[in-house]
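Colleague: After the structure tokens below, expect a handful of questions from me.
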């Protein structure tokens, strides 16, 4: 691997960009926090999936597909899941037709299946491993890391304690707690962000295990029948597939605190390691049409709705358009997800050549170079566009595939087709009025958008007719 190009990545832990050096070039390991499957994934959830899919593709290109291990979890135990099961299947649970566990299973299975369909439509590769939290609560026959064993180890090492039926992590037991978020214990006073309970030693102590009522899902443990806290799940699942220390941990900016901070605390204290992951990467927030996405704002939109319903901009959008729209902003920057941005991505795709065999082509250095600079997909997209008119079909396909894009034969939205048809009719009227300058302007404007007009005569009537096609 001596000739492997240098990949520069921004590390949230150090707040700086540095050359990436894997622990083992023959097994580059990455973990990304996946969905909590209580509801369909929204467009904000799509961003880390797309961002880290590009990184996964890049690592496979640099080190070989067989030398990269990518784990992305599914959280299928959570109080939000319990609440959704009660909401959707309350009547069946009440009259005994379903147990709560069966109802939870229906919610998580449906939602996980929809997530898989959605991210596949966005052009994302499946990860090497996709562990489910419920499979890693109790000790496993295969000996892989599990949550109960990790909690027992934290207690035995003086980093956790039992109080009022809960097991809590003792944040004061870790000298350098808060390195990722740059928060220290003195700053974590009682307040809106941290619930303070009388049984906690410190306001920032967090739950590793909590008791379950008879109506709640639970597992037998040394501390009674209960269920794990949120953070311990990822510590167990990452260790199970990637080891006690691995290369890259990714997720959204909103996960830095408390989730990733607490993952680090649990993992380092349980294993006695200096780091959990060497590089921590976080994508920026997603706004929708200039506003924070929320159901109260009326701008909460799921991936499924974007792909299949006429809700956003009055139409459904192809997965490759959604993906490209995401990649047109650097992953660490906030993104304003808008109809205008989707239309821009669609017009760009319409200009790119379809066809070509990516496996036979070579990735162009002009596309690869910006990706090596902390996943600069903005510059990579620009370079790919510059290639569209001059690269061999196979080479263009290979370069586009590095971004997870497979250009297809032009397929425009109904709204865009209607816009083009109206422009064509206006141009014909201008030609009849012998206003050739304005007619030519419409033709040139359409051509700039990748739409080529062809004039001819109707063989039956002899009247001028104009056809058009989207050029790539």
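Numbering (full-length UniProt numbering), first residue to last: 1 to 472.
Cβ coordinates follow ideal geometry from the N, Cα and C atoms, glycine included.
Please report the distance separating the alpha-carbon of residue 367 from that of residue 266.
Modeller: The count along the chain shown starts at 1 and reaches residue 367 at position 367. The count along the chain shown starts at 1 and reaches residue 266 at position 266. If you take the alpha carbons of residue 367 and residue 266, they lie about 39 Å apart.
Colleague: Indicate whether the contact test is met: 3 or more Cβ pairs, each with one atom in the segment 241-254 and one in the segment 21-39, closer than 8 Å.
Modeller: Counting C-beta pairs closer than 8 Å gives three or more between the segment 241-254 and the segment 21-39, which meets the contact rule.
Colleague: When the Cα atoms are used, what is the spatial distance from residue 304 to residue 36?
Modeller: Reading the chain shown from its first residue, position 304 is the one you call residue 304. Reading the chain shown from its first residue, position 36 is the one you call residue 36. Distance between the alpha carbons of residue 304 and residue 36 is about 16 Å.
Colleague: If we count the other Cβ atoms within 10 Å of its Cβ and call it buried at 16 or more, is residue 78 buried or exposed?
Modeller: As a working note, residue 78 is residue 78 in the chain shown. Residue 78 is buried by the Cβ-count criterion.
Colleague: State the start and end residues of the unbroken beta strand (DSSP E) segment that holds residue 282.
Modeller: By 1-based counting over the chain shown, the position of residue 282 is 282. It spans 277-283 - the beta strand (DSSP E) in which residue 282 sits, taken as one unbroken run.
Colleague: Quick check: the segment 41-58 against the segment 327-339, are at least 3 beta-carbon pairs closer than 8 Å?
Modeller: yes
Colleague: Whose C-beta lies closer than 8 Å to the C-beta of residue 465 among residues of the same chain, with five residues either side of it excluded?
Modeller: Along the chain shown, read from residue 1 onward, the residue named residue 465 stands at position 465. For residue 465, where only same-chain residues beyond five positions count, the Cβ hits under 8 Å are 455, 456, 457, 458.
Colleague: Can you tell me whether DSSP reads residue 59 as helix, strand or coil?
Modeller: For the purposes of this step, residue 59 is identified with residue 59 of the chain shown, where counting begins at 1. Residue state, collapsed to three classes: helix.
Colleague: Who are the Cβ neighbours of residue 467 in its own chain at under 6 Å, not counting the five residues just before and after it?
Modeller: Here residue 467 refers to the residue found at position 467 when the chain shown is read from its first residue. Within the same chain, residue 467 has close Cβ partners 454.
Colleague: Do residue 223 and residue 279 have their C-beta atoms within less than 8 Å of each other?
Modeller: To locate residue 223, count along the chain shown from 1; it is residue 223. To locate residue 279, count along the chain shown from 1; it is residue 279. Going by C-beta atoms, residue 223 is not nearer than 8 Å to residue 279.
Colleague: Assuming residue 431 contacts residue 439 under a Cβ cut-off of 8 Å, what Cβ separation, rounded to an integer in Å, is found between them?
Modeller: Against the chain shown, residue 431 aligns to sequence position 431. Against the chain shown, residue 439 aligns to sequence position 439. Yes, they are in contact, since the Cβ atoms of residue 431 and residue 439 sit about 5 Å apart, within 8 Å.
Colleague: Considering just the uninterrupted stretch of the alpha helix (DSSP H) at residue 74, what are its terminal residues?
Modeller: Taking the first residue of the chain shown as 1, we reach residue 74 at position 74. No alpha helix (DSSP H) contains residue 74, which DSSP labels as neither H nor E.
Colleague: Is the separation between the beta-carbon of residue 288 and that of residue 337 shorter than 8 Å?
Modeller: As a position in the chain shown, residue 288 is number 288, starting the count at 1. As a position in the chain shown, residue 337 is number 337, starting the count at 1. Here residue 288 is near residue 337, since their CB atoms are less than 8 Å apart.
Colleague: Assign residue 114 to one of three DSSP states: helix, strand, or coil.
Modeller: Looking up residue 114 in the chain shown gives position 114. Here residue 114 sits in helix by DSSP.
Colleague: Mind checking which residues open and close the beta strand (DSSP E) that includes residue 161?
Modeller: Here residue 161 refers to the residue found at position 161 when the chain shown is read from its first residue. Its beta strand (DSSP E) spans residues 160-163.
Colleague: I'd like to confirm the pairing. Which residues does DSSP put opposite residue 336 in its beta bridges?
Modeller: Locating residue 336 in the chain shown gives position 336, where the first residue counts as 1. Residue 336 is bridged to 287.
Colleague: Contact defined as beta carbons within less than 8 Å: I believe residue 159 pairs with residue 170. What is the distance between those atoms, to the nearest angstrom?
Modeller: Taking the first residue of the chain shown as 1, we reach residue 159 at position 159. Taking the first residue of the chain shown as 1, we reach residue 170 at position 170. With 8 Å as the limit, residue 159 and residue 170 qualify as a contact, their Cβ atoms being about 6 Å apart.
Colleague: Going by beta-carbon coordinates alone, are residue 237 and residue 312 separated by less than 8 Å?
Modeller: Position 237 of the chain shown, counting from 1, holds the residue named residue 237. Position 312 of the chain shown, counting from 1, holds the residue named residue 312. For residue 237 and residue 312, no; Cβs fall outside 8 Å.
Colleague: Output the distance between the C-alpha atoms of residue 23 and residue 277, rounded to the nearest integer angstrom.
Modeller: If you number the chain shown from 1, residue 23 lands on position 23. If you number the chain shown from 1, residue 277 lands on position 277. In this model, residue 23 and residue 277 are separated by some 10 Å (Cα to Cα).
Colleague: Only counting the same chain, and skipping five residues up and downstream in sequence, which positions put a Cβ closer than 7 Å to that of residue 209?
Modeller: In the chain shown, residue 209 corresponds to position 209, counting from 1. Excluding positions up to five away in sequence, the list reads 151, 166, 167, 221, 223, 226, 228, 229.
Colleague: Apart from the five residues just before and just after residue 69, which ones in its own chain have a Cβ nearer than 8 Å to its Cβ?
Modeller: Position 69 of the chain shown, counted from the start, is the residue given in the question as residue 69. Cβ neighbours of residue 69 beyond the five flanking positions: 27, 28, 29, 30, 128, 129, 241, 242.
Colleague: For a test of the three-state rule: what should DSSP assign to residue 370, helix, strand or coil?
Modeller: Within the chain shown, the letter at position 370 stands for residue 370. Helix.
Colleague: With a 10 Å radius around its C-beta and 16 neighbouring C-beta atoms as the bar for buried, classify residue 291 as buried or exposed.
Modeller: Position 291 of the chain shown, counted from the first residue, corresponds to residue 291. By the neighbour-count rule (16 or more Cβ atoms within 10 Å), residue 291 is not buried but exposed.
Colleague: May I have the straight-line CA-CA distance separating residue 394 from residue 383, to the nearest angstrom?
Modeller: In the chain shown, residue 394 corresponds to position 394, counting from 1. In the chain shown, residue 383 corresponds to position 383, counting from 1. Answer to the nearest angstrom: the Cα atoms are 16 Å apart.
Colleague: Between the Cα of residue 105 and those of 211, 126, 463, 134, spot the shortest distance and give me the residue it belongs to.
Modeller: Within the chain shown, the letter at position 105 stands for residue 105. When only C-alpha atoms are compared, the closest one is 134.
Colleague: The beta strand (DSSP E) spanning residue 210 covers which residue range?
Modeller: Translated into the one-based positions of the chain shown, residue 210 becomes position 210. 206-211 is the span of the beta strand (DSSP E), which, as asked, contains residue 210.
Colleague: Measuring alpha carbon to alpha carbon, tell me which of 335, 339, 73 ends up nearest residue 315.
Modeller: If you number the chain shown from 1, residue 315 lands on position 315. Among 335, 339, 73, the Cα nearest to that of residue 315 belongs to 339.
Colleague: From the DSSP output, which residues share a beta bridge with residue 70?
Modeller: Numbered from its first residue, the chain shown carries residue 70 at position 70. Bridge partners of residue 70: 30.
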